[in-house]
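Some notes on the structure that comes next.
Residue numbers (the working numbering): -14 to 756.
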């Protein structure tokens, strides 16, 4: 009996394996156990089954051992369990002509039935000790490793079920079945690196790029037809705990070069691949069943877990990114470089990425996962759809096409991507001499200081593209993007900015060398873009040449909102740029003056130049003050004033024009004036350093960066200059030690008129009005 079963197994498995012998198989029929040892898989058949692209070829595949447990008497309640010891696969990246064979499962009989045998196969559990996939090529090598991989059935609440009947929910009214599978692993390791020569082995490859993650799981919810078993919709959730990625600049350059190599193989394979035609009448996919609406007679459990569209979700609890510069070649650095072995750390908390490939454009989004449908994103996108529908209707001259568009518009579908981040922390650059106490934050959210609700994210981004499901001839709305970010605090740090430009130059060179520079399609319609920054705060540290406590230490620029949009906020808004056109014409610019004057003319006319992007901006009231550090009371410098403006950007120029909606009132004392002037001088010197760095990077090549022009239209500035309280300190005397509280109170008393001590003699002020 055992030999007969072994021979039958060899007969069926010989299509997928090589040199399979009876000695490699052990069978226990009564207990439902069978084992296979040292299996060598037929790599050609495996490639055809997986339908790999032509530029990927499996060179070798083997399995150390497989154990199968079949509970013959409990198939309805217990799953068939498959235990796999280790799987090793070697993959080659090839660039030659590839020929795809026929899938062995393509000609299997499809009786369009869905019975007990299908359910038994779907409920199987798979446990793999480790999976290691090594890929190699003439220029690159890498590996992909998974440990403790398992595929099991779960309950609708993703709990372990002792009975398989608890892992399915069937609705007889709609002939739909919901089933749940979970794929989990303990460790994921990805490595990719470049070789210094084509004859090297994997052990000698340089600049390895490694990504190591802890435990993760993929939850798959399927909605299937209970008649033929076809999949109607799927909801796939990838959940990962913590991701730690430490990358150096050589590693990133290697990753970019690897991406370029893969893209070249893909392009070459698209030209040379030869497809074997499928015989007439043969199909590897079942016809998809039409979706039936949810019935009132459906069970409460089916209604609770029902979903009406396919979606993909990624949830990462924490991402810790470390970018390091381990270059030891000093001639790569600009002159005066003081950042040795620089490093930056970026920490992201609760990252959510949701993709909805096909959903109604005007849906209320009530079925989206972890999403509050009543928000500004939904309102803005729906409003843009209504506006563009009227624009498209007016643009169509043919009555028939207009009628078709009106009839098909309610069925307009959208491809939506939602990215949300709960909290973000970006630290300033540090080097090997930086102590832990000296680390500063470059970008930090203020969700705790502002007491944000727990369901509101610091970063929320949405992208939507639209299409008609039944035709490609009708016009569609523009691509829409909406970004909301805040509240946050951004600190101006010279060393960090200089180091980031150095990193950007290195990565830019790698992208150019790999021919990965994206090509801009000037004929495509320009997308709708909206950016809202909520309660942003810019922090500028001020120079501290002395220990005088009366000198402020920081300059703060705060506002409630800053909005940037490719659509005009007010259709009737016009900018008063005409009085400044002549003054700008008389200025002497080093270069880019002609393009800037063209942008000024377009701003005046309200038009948009060809091959340029135009954005409108507006702010809530902006106020500027100074303070003496964290948790100190601020001193007002500029009163609340709102701004509006426009930006025109192309590949070579960026022109920014802003107008103040009201007069600006400046209140400044002697110590603030000293610090502001020192800060202005320091900014000028810093720009000179950046210019020298740019010349060092580009050498004799012309600069590829855009030329930035900024024009501000301020009708009137009212300045209140307060002179020093008391007698001026002698330069030969030590600076008095004045506490922050004394400095703040004395200044505020002067503004409110409460300070009366020798007021006539020692409180002096000057009012200046500039028009």
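Where is the CB? At the ideal position from N, CA and C, for every residue including glycine.
Three-way DSSP call (helix, strand, coil) for residue i in this model
| i | result |
| --- | --- |
| residue 661 | helix |
| residue 150 | helix |
| residue 462 | coil |
| residue -1 | coil |
| residue 42 | strand |
| residue 501 | coil |
| residue 367 | helix |
| residue 65 | coil |
| residue 102 | helix |
| residue 632 | strand |
| residue 488 | helix |
| residue 249 | helix |
| residue 669 | helix |
| residue 307 | strand |
| residue 327 | coil |
| residue 218 | strand |
| residue 544 | strand |
| residue 384 | helix |
Residue i and residue j closer than 8 Å at C-beta
| i | j | result |
| --- | --- | --- |
| residue 626 | residue 601 | no |
| residue 143 | residue 196 | no |
| residue 407 | residue 350 | no |
| residue 298 | residue 330 | no |
| residue 127 | residue 46 | no |
| residue 605 | residue 524 | no |
| residue 210 | residue 155 | no |
| residue 409 | residue 386 | no |
| residue 56 | residue 108 | no |
| residue 130 | residue 59 | no |
| residue 287 | residue 172 | no |
| residue 50 | residue 31 | no |
C-alpha distance - residue i paired with residue j, whole-angstrom precision
| i | j | result |
| --- | --- | --- |
| residue 437 | residue 78 | 49 Å |
| residue 586 | residue 471 | 34 Å |
| residue 100 | residue 111 | 21 Å |
| residue 422 | residue 237 | 29 Å |
| residue 775 | residue 381 | The requested residue 775 is not part of the displayed model; the chain covers only -14 to 756. |
| residue 200 | residue 232 | 21 Å |
| residue 326 | residue 332 | 20 Å |
| residue -6 | residue 72 | 20 Å |
| residue 205 | residue 340 | 14 Å |
| residue 509 | residue 639 | 21 Å |
| residue 0 | residue 29 | 10 Å |
| residue 540 | residue 527 | 7 Å |
| residue 645 | residue 698 | 7 Å |
| residue 432 | residue 147 | 43 Å |
| residue 732 | residue 706 | Because residue 732 sits at a pLDDT of 45, beneath the cut-off of 50, its placement in the model cannot be relied upon, and the point is left open. |
| residue 117 | residue 420 | 40 Å |
| residue 714 | residue 531 | Model confidence at residue 714 stands at a pLDDT of 48, short of 50, so the residue's coordinates are unreliable; what they give is reported in the following sentence. Their backbone Cα atoms lie some 13 Å apart in a straight line. |
Same chain, Cβ closer than 6 Å to residue i, neighbours up to 5 away in sequence not counted
| i | result |
| --- | --- |
| residue 53 | 19, 67 |
| residue 603 | 548, 554, 629 |
| residue 501 | 245 |
| residue 481 | 413, 414, 427 |
| residue -11 | none |
Neighbourhood of residue i by C-beta, 7 Å cutoff - its chain only, sequence neighbours within 5 removed
| i | result |
| --- | --- |
| residue 4 | 25 |
| residue 461 | 451, 452, 453 |
| residue -2 | 5 |
| residue 695 | 641 |
| residue 367 | 347 |
| residue 484 | 324, 327, 414 |
Contacting residues, own chain, Cβ-Cβ under 8 Å from residue i (five flanking each side not counted)
| i | result |
| --- | --- |
| residue 2 | 24, 25, 26, 27 |
| residue 352 | 292, 293, 294 |
| residue 435 | 472, 520 |
| residue -8 | 7 |
| residue 150 | 61, 62 |
| residue 378 | 387, 390, 391 |
Assess, as a yes-or-no matter, whether the segment 215 to 228 is touched by the segment 241 to 248 under the definition of 3 or more beta carbon pairs within less than 8 Å.
By the C-beta criterion, the segment 241 to 248 is judged not to be in contact with the segment 215 to 228, since fewer than 3 inter-stretch pairs fall below 8 Å.
Are three or more beta carbon pairs between the segment 403 to 414 and the segment 439 to 449 nearer than 8 Å?
Touching, yes.
With a threshold of 8 Å, are at least 3 pairs of Cβ atoms found where one atom belongs to the segment 463 to 479 and the other to the segment 493 to 508?
By the criterion of at least three beta-carbon pairs nearer than 8 Å, the segment 463 to 479 is not in contact with the segment 493 to 508.
Touching by the beta-carbon criterion (3+ pairs, under 8 Å), the segment 612 to 626 and the segment 650 to 664
Short answer: they touch.
The segment 507 to 516 in contact with the segment 537 to 546 per 3-pair CB rule at 8 Å
The segment 507 to 516, when compared against the segment 537 to 546, does not touch it at the 8 Å Cβ threshold.
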